[in-house]
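For reference, each letter of the sequence shown is one residue, going 4 to 170 in my numbering. For each residue, glycine too, the CB sits at the ideal point set by N, CA and C.
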Amino acid sequence: MSAQTPATSGFVRGFHNFGKGLIDFRFNQYLSMQLLPVFYALLLLGILGFFVALNAVAFWFSSLVGLATLAITPFGLLIAFAVTRAALEFLVMAYRIMETVQRMDRIPQQVDNLNSKVDGISEHVHSFEIQIGQIQRQVDDVTHSIAFLKPISVIGGLPGKLFRGRK
4 MSAQTPATSG FVRGFHNFGK GLIDFRFNQY LSMQLLPVFY ALLLLGILGF
54 FVALNAVAFW FSSLVGLATL AITPFGLLIA FAVTRAALEF LVMAYRIMET
104 VQRMDRIPQQ VDNLNSKVDG ISEHVHSFEI QIGQIQRQVD DVTHSIAFLK
154 PISVIGGLPG KLFRGRK
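What follows is the structure, encoded as structure tokens:
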């Protein structure tokens with residue numbers, strides 16, 4: 004039995020998703036974000052190789068030109084690496100904006116679903132209002148009847164007879 008660490012299982016899962024993405028002919032899954040670290044490393048190696056070749060050619064041409072090129076190379080590398088990083092970050096931001104826009108495209112459908120649910124709730128609230136109105140009318144009728152019967156019962160001494168009979 005081999006125990007997989009979380010890093011190993013994450014790597015295997017990532018490799019599996021990468022393989023599935025390669026054979027996705029409908030382009031439902033974007034590999035560019037998964038390949039970006041590899042692409043970035045290759046770009047940096049390419050830039051480094053370019054400056055090594057540039058220095059070799061400069062030294063082949065003249066030692067003075069080679070030394071001048073060698074002195075400027077760290078600044079050139081720094082600028083080239085920074086521009087490469089900024090360009091890739093721009094692409095990542097564009098990708099994330101695209102994902103946000105795709106999520107926003109789903110908002111009207113979600114609002115329509117909510118509208119239908121709210122309409123259903125509104126119908127229930129309306130039926131409750133009708134039922135509450137009916138109950139209120141019944142309470143008003145009972146209150147009116149009690150108000151009508153109270154003077155009659157006082158005249159006949161009915162409340163006193165009811166309370167004496169319970170003892």
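For T103, does the count of other Cβ atoms within 10 angstroms reach 16, so buried, or fall short, so exposed? exposed
Give a yes or no on whether the C-beta atoms belonging to L51 and L80 are separated by under 9 Å. yes
Between the CA atoms of F53 and S66 - distance to the nearest angstrom: 19 Å
Excluding the 5 residues preceding and the 5 following G24 in the sequence, name in chain order all residues of the same chain whose CB lies nearer than 8 Å to its CB. Only Q32, Y33, L34, Q37 meet the Cβ criterion.
Would the C-beta of A56 count as close to the ligand MG, meaning under 8 Å from any of its heavy atoms? Judged by which ligands are present, the structure shown has none, so any question about the ligand MG falls away.
Secondary structure at Y43, three-state DSSP: helix, strand or coil? helix
Looking at L117 and F42, is the spacing between their C-beta atoms short of 9 Å? no
Among E132, A44, L57, which one has its Cα closest to the Cα of A71? L57
So is A61 buried or exposed if we call it buried at 16+ other beta carbons inside 10 Å? buried
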